[in-house]
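Positions in the sequence shown are counted from 1; adding 1 to them yields our numbering.
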Amino acid sequence: MVTRLSTLSADKSASKIQAAFRNHQARLKLKKQAAWQIHEKLEYSSEQTEAKLKDMFEKLLKSSDLLSPSVAKLLQKAGLPVEEKELLRLTNPASISVQANYQGLRIEGPITRKTFVDLIEAFQHGEVLHEKYVCEILHQARAILKTLPNFNHIDLSNLHHIYIIGDLHGQLADLLHIFNA
Numbered sequence: 002m003v004t005r006l007s008t009l010s011a012d013k014s015a016s017k018i019q020a021a022f023r024n025h026q027a028r029l030k031l032k033k034q035a036a037w038q039i040h041e042k043l044e045y046s047s048e049q050t051e052a053k054l055k056d057m058f059e060k061l062l063k064s065s066d067l068l069s070p071s072v073a074k075l076l077q078k079a080g081l082p083v084e085e086k087e088l089l090r091l092t093n094p095a096s097i098s099v100q101a102n103y104q105g106l107r108i109e110g111p112i113t114r115k116t117f118v119d120l121i122e123a124f125q126h127g128e129v130l131h132e133k134y135v136c137e138i139l140h141q142a143r144a145i146l147k148t149l150p151n152f153n154h155i156d157l158s159n160l161h162h163i164y165i166i167g168d169l170h171g172q173l174a175d176l177l178h179i180f181n182a
């Protein structure tokens, strides 16, 4: 009788432990699913927000004749669809002045490897690059890229690794990780 009672209580205890474990596993699974759903909603909402902002700016630009000239110029400077010649004129680094109190990185002359390394270090420290130097980099990059073909064939036989990079969604830390790899 004593062994039957202890076996019965042991079975009940084991059943309770198993039930508690199953409940715990189910709660963990629900938390994981909820976290994934939240992640997806945030990911897609940021893309939708960007698309809505782009549409709004395009509508503003189309109705720029109703806006003051300075507002229309600012919208065009934001990189919205404008004639290429006009865009180059509006983003000409020579026409942008740097305030005397600007403490960030200054770029003079052609972009070199050292300039690139300095930029990465500055961004890692949270520094902001002045608009003039951003335009300078973009103009130099455009000039170089226009001379290159759209497709480049490379010989993979000498390489040990190849990295294929997709969309980084604006994450500077991910880009820096790729450069440091």
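The C-beta atom is built at its ideal place from N, Cα and C for all residues, glycine as well.
Collapsed DSSP secondary structure at residue i in the structure displayed
{"i": "proline 150", "result": "coil"}
{"i": "leucine 177", "result": "helix"}
{"i": "tyrosine 45", "result": "helix"}
{"i": "asparagine 24", "result": "helix"}
{"i": "serine 98", "result": "coil"}
{"i": "leucine 91", "result": "helix"}
{"i": "glutamine 34", "result": "helix"}
{"i": "aspartate 56", "result": "helix"}
{"i": "aspartate 168", "result": "coil"}
{"i": "glutamine 197", "result": "Residue 197 is absent from the model: the chain starts at 2 and stops at 182."}
{"i": "isoleucine 18", "result": "helix"}
{"i": "histidine 40", "result": "helix"}
8 Å Cβ cutoff met for residue i and residue j
{"i": "glutamate 132", "j": "isoleucine 97", "result": "yes"}
{"i": "leucine 173", "j": "phenylalanine 117", "result": "no"}
{"i": "histidine 140", "j": "proline 94", "result": "yes"}
{"i": "leucine 88", "j": "glycine 105", "result": "no"}
{"i": "isoleucine 155", "j": "isoleucine 166", "result": "no"}
{"i": "leucine 177", "j": "isoleucine 121", "result": "yes"}
Residues of its chain near residue i, where Cβ-Cβ distance is below 6 Å and the 5 sequence neighbours each way are ignored
{"i": "arginine 114", "result": "none"}
{"i": "alanine 144", "result": "none"}
Residue burial classification, residue i (beta-carbon count within 10 angstroms, cutoff 16)
{"i": "glutamate 128", "result": "exposed"}
{"i": "threonine 8", "result": "exposed"}
{"i": "glutamate 137", "result": "buried"}
{"i": "isoleucine 45", "result": "Reading off the sequence, residue 45 comes out as tyrosine, not isoleucine. That one is exposed."}
{"i": "threonine 92", "result": "buried"}
{"i": "tyrosine 164", "result": "exposed"}
Cβ shell of residue i (< 7 Å), same chain only, five flanking positions each side left out
{"i": "proline 111", "result": "Gln141"}
{"i": "glutamine 49", "result": "none"}
Cutoff 8 Å; reference residue i; Cβ partners in own chain excluding five residues on either side
{"i": "aspartate 119", "result": "Leu106"}
Where in the stretch 106–157 do unbroken runs of the alpha helix (DSSP H), each at least 4 residues long, occur, reported from the N-terminal end onward?
Taken in chain order, the complete alpha helix (DSSP H) segments of 4 residues or longer contained in the stretch 106–157 are 114–125 and 132–148.
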